[in-house]
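Asks:
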Amino acid sequence: MVTKYGMSDLGPGQDSEFSDKTAIDQEIKKIIDMCYLQAKEIISQNKLLLDKITNLLLEQETITKEEIDKLVATKQLN
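Below, the structure written as structure tokens:
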């Protein structure tokens with residue numbers, strides 16, 4: 001993604017032998033770290049909902065899409 005599509009601050013055109021592979025590795029790490037922090041924030045913001053889904057799964061072992069949709073829409077178990 002970084003070298004093929006230029007989706008970083010390095011820009012496009014880095015798909016040939018790149019003399020400074022460290023710069024590419026740093027860009028990849030930066031993207032991974034950013035995605036990790038974003039995922040962590042999403043989980044944090046939805047912790048209560050995640051706990052409710054977890055508890056329902058522990059009770060029933062399986063839940064349907066409709067049950068998940070209901071939890072997401074109402075943020076309640078009932």
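In full-length UniProt numbering, the protein residues as written are 1 to 78.
Note that CB positions come from ideal geometry on N, CA and C, so glycine has one too.
In angstroms with no decimal places, state the Cα-to-Cα distance between Cys35 and Ile28.
Replies: Here residue 35 refers to the residue found at position 35 when the sequence shown is read from its first residue. Here residue 28 refers to the residue found at position 28 when the sequence shown is read from its first residue. Looking at the two C-alpha atoms, the distance is approximately 11 Å.
Asks: So the alpha helix (DSSP H) Ile63 belongs to, where does it begin and stop?
Replies: On the sequence shown, residue 63 is found 63 positions in, with the first residue counted as 1. Unbroken run through Ile63: none, as it is neither H nor E.
Asks: Classify Asn55 as helix, strand or coil using the three-state DSSP reduction.
Replies: As a position in the sequence shown, residue 55 is number 55, starting the count at 1. Correct three-state label for Asn55: helix.
Asks: Determine the direct distance from the alpha carbon of Ala73 to that of Leu49, and round the result to whole angstroms.
Replies: Locating residue 49 in the sequence shown gives position 49, where the first residue counts as 1. Locating residue 73 in the sequence shown gives position 73, where the first residue counts as 1. Roughly 10 Å separates the two Cα atoms.
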